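>
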């Protein structure tokens, strides 16, 4: 804790009081006023002429919100698979407690080496996946594959998979082991113990965290639009470049609505299954 | 009676590779031969020798920290002894591979002191979890997520037998302590065990319920021919329901014999203050 505070002070000194620069210039202040003034009057129609065939802006916003959700869901579902598989291998709880009583020396030697080796490899993989932000993954995939839907999905799935795996394994390690010991004592194997005693014991936390990450995935998918993927970010970037602040707010409200809707949905699910 | 452990049975040697084939299928036999368990430098159990015949019912008595839980965990192969050996159904456990060890554990129902249920599961799922030890992973996914009608009926019948038949579909954490204890018992029975081991089943419920529960467990064990080993610090309950008492103190077996032969002096010695942090003099007859 203290070291974080010390590092914080050092950072502020190095950066030469960045907050002072936040006092805006005359021109910047005018733009900011103009922008925030439109928050209460988001555009209900396009602010410049558009081709006949263009759908109404609200339809456009809804369609972009739907595409944002689709990107987020696609990325998240892949991340979920990665998170569960890597989370399983990065958890020591299901093999570390395995009694060696009666097993052959070869098996015991294997348990001592293979378990920790798999654990270490998964941990390293998780760190690599997580340490690169989804936007950097997106840049990487853009450079490699061009504007490819799969690239956007993978850009979300890889860092999110790593994060899910890390948090899942930590939650499972910290969950009470009583039921796991009981099922092992009733002859259940390590994989059964993992899925039917350790995971359910951490279940409510796992579910809550997964929903939170889904929300994050929606925001990430929106931001990926700035690279040209057809999500809300794309619409926001375009309107912003044209100084159509009203339109920007229309799309922003669509994003906020989307996140609120997910929150309400996850809350309802949690009340039904967890509380 | 002031004897130490009674002499070990010589008719069936634990190491005899053929004797276990004659083991009674419905009731387990246990043997400890000079078994000791050391937890991080401290001896939890030392030189314990004990023979439990198939279908027998006995109570482990003694103050907390005497080694009762450790002894029970040895019997269901949850832990391996540091010294000596353990036999279940006339087979030495240290000679078994992992799969055979799982098969032994699957035949022994264990009701833990803290119950070790999954609170956010329905009662049905907690009970069905008792059968995982006999299943492949694929079969267990099916049994846990989509239990077949026959499984549900069997779970319902067991819950009925332990007195909470109507709780089948309730969430486990919505039940009272006494009801949860019966769920744990039902899970152990769902294993179709040949022995029941109970660790301090009366510590978490009031005396009247405790009596009911011990009565129920003794009844079920008789009815199904299960070998029954219960650790219990309430001497009166132990004397009422168990024909044989094994006293533990400081990790050692200090007496072992028919209940009628265990006198007040044995019990007084078991719970005397010397070297013990906690005693319960009021419970001594």
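Protein chains in written order, with the numbering used here: chain H, 6 to 280; chain F, 300 to 584. Where a beta carbon is used, it is the ideal one built from N, C-alpha and C, also for glycine. Everything numeric in this text was worked out from a predicted model, so none of it was measured.
At 4 residues or longer, what runs of the alpha helix (DSSP H) sit wholly inside the region 341–386 of chain F?
Qualifying alpha helix (DSSP H) stretches, in chain order: 367–374.
> Exposed or buried, residue 54/H, counting other C-beta atoms within 10 Å across all chains shown (16 or more means buried)?
Exposed, because fewer than 16 other Cβ atoms sit within 10 Å of the Cβ of residue 54/H.
> Assign residue 533/F to one of two classes, buried (16 or more other C-beta atoms within 10 Å of its C-beta) or exposed (fewer than that).
Burial call: buried.
> Compute the Euclidean distance between the alpha carbons of residue 497/F and residue 269/H, then round it to the nearest angstrom.
Computed Cα separation, rounded: 45 Å.
> Rounded to whole angstroms, what is the Cα-Cα separation between residue 130/H and residue 167/H?
The straight-line gap from Cα to Cα measures roughly 8 Å.
> May I have the straight-line CA-CA distance separating residue 409/F from residue 186/H, to the nearest angstrom?
Near 11 Å, if we compare the C-alpha coordinates of residue 186/H and residue 409/F.
> Using the beta-carbon count (16 or more within 10 Å), is residue 338/F buried or exposed?
The residue is exposed, with fewer than 16 neighbouring Cβ atoms inside 10 Å.
> Considering Cα atoms alone, identify which of 195/H, 232/H, 255/H and 31/H is closest to residue 46/H.
The option with the nearest alpha carbon to residue 46/H is 255/H.
> Look up residue 332/F in the DSSP assignment and give the residues it is bridged to.
Residue 332/F is bridged to 384/F.
> Under 9 Å, CB to CB, which of the residues in the region 457–472 of chain F have a partner in chain H?
Hits within the stretch: zero.
> Whose C-beta lies closer than 8 Å to the C-beta of residue 70/H among residues of the same chain, with five residues either side of it excluded?
Contacts found: 237, 259, 260, 262 and 263.
> Strictly below 8 Å CB to CB, what residues from chain H border residue 429/F?
Near residue 429/F (Cβ distances below 8 Å), the residues of chain H are 191.
> Alpha helix (DSSP H) containing residue 441/F: first to last residue?
From DSSP, the alpha helix (DSSP H) with residue 441/F extends over 436–444.
> Between which two residues does the beta strand (DSSP E) carrying residue 552/F extend?
551–557 is the span of the beta strand (DSSP E), which, as asked, contains residue 552/F.
> Cβ closer than 7 Å: which chain F residues qualify as neighbours of residue 80/H?
Result: empty, since nearest Cβ-Cβ is about 26 Å, beyond 7 Å.
> Run down chain H in chain order and give the residues with a C-beta less than 7 Å from the C-beta of residue 420/F.
Near residue 420/F (Cβ distances below 7 Å), the residues of chain H are 205.
> Given this structure, state the Cα-to-Cα distance separating residue 247/H from residue 51/H, to the nearest angstrom.
C-alpha separation (whole angstroms): 11 Å.
> Going by DSSP, name the residue or residues bridged to residue 40/H.
Paired residue(s): none; residue 40/H is not in a bridge.
> Who are the neighbours of residue 188/H on chain F, taking C-beta pairs under 7 Å?
By Cβ distance, chain F contributes 428 and 431.
> Of all the CB atoms in chain A, is at least one closer than 8 Å to the CB of residue 436/F?
Of the chains in the structure shown, none is chain A; the protein chains are H and F.
> Excluding five sequence neighbours on each side, which residues of the same chain lie with their C-beta closer than 7 Å to the C-beta of residue 520/F?
So the list reads 356, 495 and 527, once near-sequence residues are dropped.
> Would you mind stating whether residue 416/F and residue 425/F have Cβ atoms separated by less than 8 Å?
Yes, they are a contact pair.
> So, for residue 72/H: in the same chain, excluding its five sequence neighbours on each side, which residues have a beta-carbon less than 7 Å away from its beta-carbon?
Same-chain partners within the cutoff: 235 and 236.
> Which residue comes first and which comes last in the alpha helix (DSSP H) that contains residue 174/H?
Element bounds for residue 174/H: 154–179.
> Using the Cα positions of residue 437/F and residue 245/H, report the straight-line distance between them to the nearest angstrom.
Roughly 54 Å between the two C-alpha positions.
> Could you have a look at residue 530/F and say whether DSSP puts it in helix, strand or coil?
Here residue 530/F sits in strand by DSSP.
> Counting contacts by CB-CB distance shorter than 8 Å, is residue 106/H in contact with chain F?
For residue 106/H, the predicted model reports a pLDDT of 42, less than 50, meaning its position is unreliable; a value from the coordinates is still stated below. Yes, contact with chain F.
> Would you decide whether residue 566/F is buried or exposed? Buried here means 16 or more other CB atoms lie within 10 Å of its CB.
Buried.
> Quick check: the Cα distance between residue 283/H and residue 230/H, rounded to an integer number of angstroms?
The structure shown does not extend to residue 283/H, since chain H is modelled only from 6 to 280, so the question has no answer here.
> Using 8 Å as the threshold, is the region 444–454 of chain F in touch with the region 202–217 of chain H, meaning 3 or more CB pairs across them?
The answer is no - the region 202–217 of chain H does not touch the region 444–454 of chain F, with fewer than three Cβ pairs under 8 Å.
> So residue 490/F contacts chain H; which residues on that side make the cut at Cβ distance below 7 Å?
Chain H residues near residue 490/F: 191.
> Which partner residues does residue 337/F have in the DSSP bridge list?
Answer is 342/F.
> For residue 107/H, which residues of its own chain have a beta-carbon under 7 Å away from its beta-carbon, when the five flanking residues on both sides are left out?
Residue placement at residue 107/H cannot be trusted, given a pLDDT of 41 that sits under 50; the coordinates are not used to answer.
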